[in-house]
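This report concerns only the one structure given below.
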Amino acid sequence: MKIKFFLGLLMAFALTFINCSDDTNSNTDGTGKLTVQLTDAPFPFDMVAEANVTVFKLEARNKDSEDGAMDENTDSDMDDDGEGSPFITLMEEEMNVNLLELTNGVTEQLASIDIPVGTYDLLRIYVKGVNVVLTDGRTFDLKVPSGEQTGIKVFIKPGITVAGGLSADLLLDFDVSRSFVAKGNIKNIDGINGFNFKPVIKVSNLSTAGSLTGNVNTLEEEMQVALEGAQISVLAADTLNTSGFSDADGNYTIMGLEAGSYKVFAELEGYIKSDTVDVEIAVANKTIQDFQLVKEVIE
Numbered sequence: 001m002k003i004k005f006f007l008g009l010l011m012a013f014a015l016t017f018i019n020c021s022d023d024t025n026s027n028t029d030g031t032g033k034l035t036v037q038l039t040d041a042p043f044p045f046d047m048v049a050e051a052n053v054t055v056f057k058l059e060a061r062n063k064d065s066e067d068g069a070m071d072e073n074t075d076s077d078m079d080d081d082g083e084g085s086p087f088i089t090l091m092e093e094e095m096n097v098n099l100l101e102l103t104n105g106v107t108e109q110l111a112s113i114d115i116p117v118g119t120y121d122l123l124r125i126y127v128k129g130v131n132v133v134l135t136d137g138r139t140f141d142l143k144v145p146s147g148e149q150t151g152i153k154v155f156i157k158p159g160i161t162v163a164g165g166l167s168a169d170l171l172l173d174f175d176v177s178r179s180f181v182a183k184g185n186i187k188n189i190d191g192i193n194g195f196n197f198k199p200v201i202k203v204s205n206l207s208t209a210g211s212l213t214g215n216v217n218t219l220e221e222e223m224q225v226a227l228e229g230a231q232i233s234v235l236a237a238d239t240l241n242t243s244g245f246s247d248a249d250g251n252y253t254i255m256g257l258e259a260g261s262y263k264v265f266a267e268l269e270g271y272i273k274s275d276t277v278d279v280e281i282a283v284a285n286k287t288i289q290d291f292q293l294v295k296e297v298i299e
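Quick note: the sequence shown, position 265, residue 265 per the numbering used here, numbers continuous.
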């Protein structure tokens, strides 16, 4: 199946604060656990073999610290990394990741560390070594605008609170369709002559979010057959919120959906688009929605 690069799909950095405590006195502690994981939404572009990123440092800003007490929409202290800086280093070691291997809920842990309690309103993600490998073997090394020197800045709105001994969850969705921009003629692999890297990242608070998962299949001789590459579109208030794609087993998972009501449908070239169904996403839960598509009949 031919799928263009500019499909509205999301790749995600998922930062997960885990390890909850039942101790009622733990809220008086001075630190909370922060675990950082990396994930990616499905990437069905059949001309790309790898999308590689090296993450070598992660920082978070505690706006409740003396040096962090400022307008959360500003980054005026971006170069203040000395003593008293509101930025906490979460990880500082090179980790090479092929984002295409992290799909449908698979994650890669980046860090797990105790950090001071407070409200964190900004992340800085330092990356280098970004490249795209096509299925014909060609590799394109991409320039990283500011990400290597000052970090990719991602504001958290509203800020997320880390309480003593407790946990919080944050998901970063890396928008591939706008972040990895192919150059040349993308209708065939020979026409692609490079990529531009312009990182666009969306934040979701997993403490108020859930996930949507399910299977897409069709009936052949009264047997269910998995469909790979089907696009599952999630709409909020009749506007596209996000989308995902089924894997070789027909399974899909879309993470980081804020709790609430959505409309969802599935479609695949050569098949009739499914009916649009209503789904309810609950906090910290998986909502299951399967689809069975009917093959188009060409007369």
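Backbone N, C-alpha and C define an ideal beta-carbon position, used for all residues, glycine too.
If you draw a straight line from the C-alpha of residue i to the C-alpha of residue j, how long is it?
i    : j    : result
G191 : L100 : 22 Å
K198 : L219 : 41 Å
V294 : E221 : 12 Å
G270 : I298 : 9 Å
D136 : V48  : 9 Å
I160 : L206 : 10 Å
Y120 : K157 : 10 Å
E296 : A248 : 21 Å
S179 : D64  : 32 Å
L15  : S211 : Residue confidence is low: L15 scores 36 on pLDDT, short of 50, so the model does not pin down where it sits. No coordinate-derived value is stated.
A282 : V200 : 27 Å
I125 : N251 : 30 Å
G214 : L170 : 23 Å
V277 : S233 : 11 Å
E50  : E93  : 22 Å
K153 : P145 : 11 Å
A168 : A237 : 27 Å
R138 : A182 : 13 Å
L257 : I272 : 26 Å
Name the one or two DSSP bridge partners that residue i has.
i    : result
P116 : T31
V264 : V234, V277
I272 : V294
L212 : I254, T287
L240 : L235
Is the beta carbon of residue i sitting closer than 8 Å to the one on residue j?
i    : j    : result
Q224 : A266 : no
T287 : N104 : no
D114 : T31  : yes
L122 : F155 : yes
V292 : V264 : For the sequence presented, residue 292 should be read as Gln rather than Val. Cβ atoms of Q292 and V264: not closer than 8 Å.
L240 : Y262 : no
V97  : E108 : yes
L227 : V203 : no
A209 : A163 : no
P86  : N62  : yes
N196 : G184 : no
E59  : G151 : yes
V127 : L142 : no
L166 : G229 : no
Contact defined as beta carbons within less than 8 Å: I believe residue i pairs with residue j. What is the distance between those atoms, to the nearest angstrom?
i    : j    : result
K57  : M95  : Not a contact, Cβ separation roughly 10 Å.
L134 : I189 : 6 Å
S246 : V216 : 4 Å
*What are the complete alpha helix (DSSP H) segments, minimum 4 residues, inside the stretch 85 to 137?*
none
*Secondary structure, alpha helix (DSSP H): runs of 4+ residues fully inside the stretch 161 to 198*: 176 to 179
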